[in-house]
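Going by this note's numbering, the first residue of the sequence shown is number 71, and it counts up by one from there.
C-beta: ideal position from N, C-alpha, C; glycine also.
The model shown is predicted, which means the values in this text are computed figures rather than measured ones.
Heads up, the thing below is written out as structure tokens.
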Amino acid sequence: MTGQVSSPSVLAAKGLHAFHGRIEVVFGVDVALSAGEILVVLGANGAGKSSLLTAIAGGVRSEGGLDLAGNSIVGLSAQQRAAKGLAFVPERRGNIFAPMSVSENLDIGLRLSPRSRRSFIRKELLGLFPILREREHAQAGALSGGEQQMLAIAMALGREPSVLILDEPSQGLAPIIFDHLQRAFDILKSRGIALLVAEQNLPFAAQIADRYFVMSHGVVAAEGEKADLSDHADMLDAYISE
71 MTGQVSSPSV
81 LAAKGLHAFH
91 GRIEVVFGVD
101 VALSAGEILV
111 VLGANGAGKS
121 SLLTAIAGGV
131 RSEGGLDLAG
141 NSIVGLSAQQ
151 RAAKGLAFVP
161 ERRGNIFAPM
171 SVSENLDIGL
181 RLSPRSRRSF
191 IRKELLGLFP
201 ILREREHAQA
211 GALSGGEQQM
221 LAIAMALGRE
231 PSVLILDEPS
241 QGLAPIIFDH
251 LQRAFDILKS
261 RGIALLVAEQ
271 NLPFAAQIAD
281 RYFVMSHGVV
291 AAEGEKADLS
301 DHADMLDAYI
311 SE
């Protein structure tokens, strides 16, 4: 489906189905994602984007093949998948501990990383999101929406995952935050981290994507490369606003 890539896939789903209880919401989707690549999932509300990402992360029941770094993660819990290198920041806000400081939130994100690496990882995370360094001792709940989103992503990166899954990271954020996120994504790509990102914001998707596919009613309706996002903007917008 999603455009076969020449390098080995760090994340590969084959014929993935997802269910909410007994109701099937994603129907046989294939995903192939390489290290250092951003694959964007586009689609309207209810198209199946969040269900697909949550199924990959282990949050809902799924069927089909699912490999991480060449090893099957079928049947593993969300916690076990995270321990294997999969990090997930859901769409909902509140992925942080609001009463605690930024620094304390980062400590929580780092708690399962090796003690010997925590100082190094923290330094890397604060370099990735410099605003968090400035607000390190501030209460997390006092941060702006964009700053809270950056903190949530930083916490997810505390385990040094190989794949970062983000569900609509730009939703509700001021446009100025998009540049901060794009800069961070570029750095993560340079470090070989793969990103699977669900979005409805077509201009932001065009900024960050290497490849994309569009979901509609739980199936893949279209796919392409980064250049297609601008060339086919009207068509894609119709899918997103359906």
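Expected contact under 8 Å - CB spacing of residue i and residue j to nearest Å
| i | j | result |
| --- | --- | --- |
| Pro-231 | Gly-155 | 5 Å |
| Ala-157 | Val-233 | 7 Å |
| Ala-82 | Ala-102 | 5 Å |
| Glu-133 | His-87 | 4 Å |
Simplified DSSP state of residue i, which is helix, strand or coil
| i | result |
| --- | --- |
| His-90 | strand |
| Leu-272 | helix |
| Phe-158 | strand |
| Asp-280 | coil |
| Met-285 | strand |
| Val-172 | helix |
| Ala-117 | coil |
| Phe-190 | helix |
| Arg-205 | coil |
| Phe-97 | strand |
| Phe-199 | coil |
| Leu-182 | coil |
| Glu-217 | helix |
| Ser-300 | helix |
| Leu-123 | helix |
Buried or exposed (CB count within 10 angstroms, at least 16 for buried), residue i
| i | result |
| --- | --- |
| Ser-300 | exposed |
| Lys-193 | exposed |
| Arg-281 | buried |
| Glu-107 | buried |
| Met-305 | exposed |
| Val-172 | buried |
| Val-144 | exposed |
| Leu-202 | buried |
| Gly-135 | exposed |
| Asp-237 | buried |
| Glu-204 | exposed |
| Ala-244 | exposed |
| Ile-166 | buried |
| Ile-178 | exposed |
| Ser-76 | Note that Ser-76 scores 47 on pLDDT, short of 50, meaning its location in the model is unreliable; the coordinates nonetheless yield the value given after this. The residue is exposed, with fewer than 16 neighbouring Cβ atoms inside 10 Å. |
Residues near residue i in its chain [Cβ-Cβ closer than 7 Å; skip 5 each side]
| i | result |
| --- | --- |
| Asp-307 | Leu-272 |
| Ser-183 | Ile-191, Gly-228, Arg-229, Glu-230 |
| Met-170 | Ala-210 |
Per DSSP, cross-strand counterpart(s) of residue i
| i | result |
| --- | --- |
| Ile-108 | Leu-265 |
| Ala-82 | Ala-102, Asp-137 |
| Ile-235 | Phe-158, Leu-266 |
| Ser-142 | Asp-137 |
| Glu-293 | Phe-283 |
| Ser-132 | Ala-88 |
Nonlocal neighbours in the same chain, by C-beta distance under 8 Å from residue i, ignoring five residues either side
| i | result |
| --- | --- |
| Ala-114 | Gln-270, Ser-286, Tyr-309, Ile-310, Ser-311, Glu-312 |
| Gln-277 | Phe-248, Gln-252 |
| Ser-142 | Gly-135, Leu-136 |
Nonlocal neighbours in the same chain, by C-beta distance under 6 Å from residue i, ignoring five residues either side
| i | result |
| --- | --- |
| Ala-168 | Ala-210, Gly-211 |
| Thr-124 | Val-130 |
| Ala-292 | Val-284 |
| Glu-206 | Val-172, Ser-173 |
| Lys-259 | Gly-106 |
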